[in-house]
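Residue numbers (UniProt numbering), protein chains in the order written: chain A, 1 to 205; chain B, 1 to 205. Just so you know, even glycine gets a beta-carbon here, dropped at the ideal spot from N, CA and C.
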DNA sequence: GAATCTATTACGCGTATGGGGTATTTTTTA
DNA sequence: TAAAAAATACCCCATACGCGTAATAGATTC
């Protein structure tokens, strides 16, 4: 029996969802909330398995709500159930701790399935949304650095100093220095820290 | 009509897949390859819409193959079709440019669906695999740093020097140094570069 | 209420770092 | 084959950096 809770301000939607879920064998839905504030108050007592969470809510947003709830009740899985499909809503939700992300036009059968999937350790979402997630951690631009420079940048990221790098790649400290100057120029930075930041931001290493 | 190509070393599997796909209305599969090398040679001429790619291949791996093919034929979508389900294979595939990721036990109907999804701009994958992807860009451990320290770490990442930071947060340069020392101790690092690296790796900022 | 820990403030020392150059050899590309 | 890019090596110099040490105010714990 999967215990489900709902946080959704629209009374109609909230009750319909609860009815569908509670009326399906293997599911139970006895707790619904119209805002995050009341959910945060009550959830620690009932501790459901899965929570369906809207984003647009009066007061605290669903994203902020998940962030707070996840801190204390980290074992509860949250599924975003929202009309928003913009990149920011999706990424912020997942970063806040949402496990699944569905849009409100998801058919009941699919919704129930998604709840099952989350319960079994999956992250249900449309393939369109998955694409956004996949794209987000792929480096798009190709590195302007040479192989040698990339090797040195990697070592810069590890905090190795000129001499250590020089010894490691069997060249003089002067050469390392020259390479690093070129790296900085290509990346448009003026310090190690900025170079490291750019290395990670642009996924150069 | 979605034009599909297959790269798969097992003759049995390759031919079965080709038959299924080519025999389905709306799909065409006239080109199959038993390794990446021959695929790289021929694909630029036929330019399919979608390529099903195995990982374990004689010679070049499917991951390496995608990396090379994506450079020239960036508009082709690749679906990984493999037995591997380890995190590394998944992430390396997606980083190399794969759009979808399926295991070989995927039923034919689901496979055809996945091809359609990719063609429509989605990223088909099991919810279990999606979970791994989602988890990968979520910060798991909570920051050991104070608010002040986090603020300073952020500025360190931007390459701001002591004086600039000091002026920005209205304290002396000495104080900034002390904070940074504490940051380094907490993060177990000994330089800006390492701190910046850890900040991004652990998603502290 | 005392003890402890943490965050914040502060100073001096030696050195690695980054900015400014210049130059030769090898490899890649046009 | 000429030109461009990459890799190698060297110099000077101001300073930003990391390390050691220490005091004070606030929060937390016992």
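task: In the DSSP assignment, find the alpha helix (DSSP H) that holds residue 99 of chain A and state where it starts and stops.
output: Run containing residue 99 of chain A: none; DSSP gives neither H nor E here.
field: Within 8 Å, strictly: CB atoms of residue 68 of chain A and residue 101 of chain A
entry: Taking 8 Å as the cut-off, the Cβ atoms of residue 68 of chain A and residue 101 of chain A do not count as close.
message: Just verifying my parser: in three-state terms, what is the DSSP assignment at residue 4 of chain B?
response: Strand at residue 4 of chain B.
query: Do we get a CB-CB distance below 8 Å when we pair residue 75 of chain B with the residues of chain A?
result: Closer than 8 Å: no.
- prompt: Can you give the Cα-Cα distance for residue 127 of chain B and residue 97 of chain B, rounded to whole angstroms?
  reply: C-alpha separation (whole angstroms): 19 Å.
message: Give me the subset of the UniProt domain "HTH luxR-type" (138-203) of chain B whose CB atoms are less than 9 Å from a CB atom of chain A, sorted by chain position.
response: If you check each beta-carbon in the UniProt domain "HTH luxR-type" (138-203) of chain B against every beta-carbon of chain A, the ones closer than 9 Å belong to 138, 139, 142, 156, 157, 158, 159, 160, 161, 189, 190, 191, 192, 193, 194, 195, 196, 197, 199, 200, 201 and 203.
message: Applying the 10 Å Cβ sphere with the 16-neighbour rule, what's the burial state of residue 232 of chain B?
response: No answer is possible for residue 232 of chain B: it lies beyond the span of chain B, which begins at 1 and ends at 205.
query: Can you list, in chain order, the residues of the segment 120-131 of chain B whose Cβ is nearer than 9 Å to any Cβ on chain A?
result: Taking 9 Å as the Cβ-Cβ cut-off against chain A, the residues of the segment 120-131 of chain B that qualify are 120, 121, 122, 123, 124, 125, 126, 127, 128, 129, 130 and 131.
- prompt: What is the rounded straight-line gap between the Cα of residue 119 of chain B and the Cα of residue 34 of chain B?
  reply: Between residue 119 of chain B and residue 34 of chain B, the C-alpha separation is close to 23 Å.
- prompt: In chain A, what lies closer than 9 Å to residue 95 of chain B by C-beta?
  reply: The contacting residues are 137, 138, 139 and 203.
- prompt: Taking Cβ-Cβ distances shorter than 7 Å, what residues in chain B pair up with residue 117 of chain A?
  reply: Here the neighbours are 127.
message: List, in chain order, every chain B residue whose beta-carbon is nearer than 8 Å to that of residue 99 of chain A.
response: Against chain B, a Cβ distance below 8 Å from residue 99 of chain A picks out 131 and 134.
query: Which of helix, strand or coil does DSSP assign to residue 30 of chain A?
result: Three-state DSSP puts residue 30 of chain A in a strand.
message: For residue 116 of chain B and residue 10 of chain B, I'd like the C-alpha separation in whole angstroms.
response: Each residue's Cα considered, the two are about 24 Å apart.
task: For residue 43 of chain B, I'd like the list of residues in its chain whose CB is within less than 7 Å of its CB, leaving aside the five on either flank, ordered along the chain.
output: Once the five neighbours on either side are set aside, the close Cβ partners of residue 43 of chain B are 5, 69 and 73.
- prompt: Given a threshold of 16 other Cβ atoms within 10 Å of its Cβ, counted over all protein chains shown, does residue 121 of chain A qualify as buried or as exposed?
  reply: So residue 121 of chain A counts as exposed.
message: Does residue 82 of chain B pass the burial test, meaning 16 or more other C-beta atoms within 10 Å, or should it be called exposed?
response: That one is buried.
field: Burial state of residue 131 of chain A, where buried means 16 or more other Cβ atoms lie within 10 Å
entry: Residue environment analysis places residue 131 of chain A among the buried positions, since at least 16 neighbouring C-beta atoms fall within 10 angstroms of its C-beta.
task: Determine, using beta-carbon pairs with one atom in the segment 172-183 of chain B and one in the segment 139-159 of chain A, whether at least three such pairs fall under 8 Å.
output: Note that the segment 172-183 of chain B does not touch the segment 139-159 of chain A; fewer than 3 beta-carbon pairs, one per stretch, sit closer than 8 Å.
- request: Alpha carbon to alpha carbon, how far is residue 94 of chain A from residue 134 of chain B? Give it in angstroms, no decimals.
  value: Approximately 7 Å between the Cα atoms of the pair.
message: I'd like the span of the alpha helix (DSSP H) that includes residue 63 of chain A, first residue to last.
response: It spans 62-72 - the alpha helix (DSSP H) in which residue 63 of chain A sits, taken as one unbroken run.
Presumed contact (8 Å Cβ cut-off) between residue 46 of chain A and residue 27 of chain A, rounded CB distance: So it is not a contact: roughly 15 Å between Cβ atoms.
query: Where does residue 103 of chain A sit, in a helix, a strand or coil, going by DSSP?
result: If DSSP states are grouped into helix, strand and coil, residue 103 of chain A belongs with the strands.
- prompt: Taking three-plus beta-carbon pairs below 8 Å as touching, is the segment 45-62 of chain B in contact with the segment 103-112 of chain A?
  reply: Contact between the segment 45-62 of chain B and the segment 103-112 of chain A is absent, because fewer than three Cβ pairs lie under 8 Å.
query: So which of A:18, A:92 and A:66 has the shortest CA-CA distance to residue 38 of chain A?
result: With respect to the C-alpha of residue 38 of chain A, the residue from A:18, A:92 and A:66 having the closest C-alpha is A:66.
task: Using beta-carbon positions only, say whether residue 162 of chain B and residue 173 of chain B come within less than 8 Å of one another.
output: Yes; because the gap between Cβ atoms is below 8 Å, this pair is in contact.
field: Beta-carbon gap between residue 124 of chain A and residue 114 of chain A smaller than 8 Å
entry: Less than 8 Å divides the Cβ of residue 124 of chain A from the Cβ of residue 114 of chain A.
- prompt: Do residue 192 of chain A and residue 199 of chain B come within 8 Å of each other at the CB atom, strictly closer than that value?
  reply: Their beta carbons are not under 8 Å apart, which means residue 199 of chain B does not touch residue 192 of chain A by this criterion.
task: Provide the residue span of the beta strand (DSSP E) that contains residue 110 of chain B, from first to last.
output: DSSP places residue 110 of chain B in no beta strand (DSSP E) but in the uninterrupted alpha helix (DSSP H) bounded by 108-119.
field: Buried versus exposed call for residue 41 of chain A [16 or more other C-beta atoms within 10 Å across all chains shown]
entry: The residue in question, residue 41 of chain A, is exposed, as its Cβ has fewer than 16 Cβ neighbours within 10 Å.
- prompt: Looking at residue 7 of chain B and residue 36 of chain B, is the spacing between their C-beta atoms short of 8 Å?
  reply: Going by C-beta atoms, residue 36 of chain B is nearer than 8 Å to residue 7 of chain B.
query: The beta strand (DSSP E) with residue 19 of chain A in it runs from where to where?
result: Careful: residue 19 of chain A lies outside any beta strand (DSSP E), inside the alpha helix (DSSP H) at 11-22.
query: With a CB to CB cut of under 7 Å and the five nearest residues on each side skipped, what residues in its chain are close to residue 148 of chain A?
result: Take residue 148 of chain A, set aside five residues on each side of it, and the residues of its chain with a beta-carbon closer than 7 Å to its own are 179, in chain order.
- request: Quick one: grab the DSSP three-state call for residue 77 of chain B.
  value: In the displayed model, residue 77 of chain B falls within a strand according to three-state DSSP.
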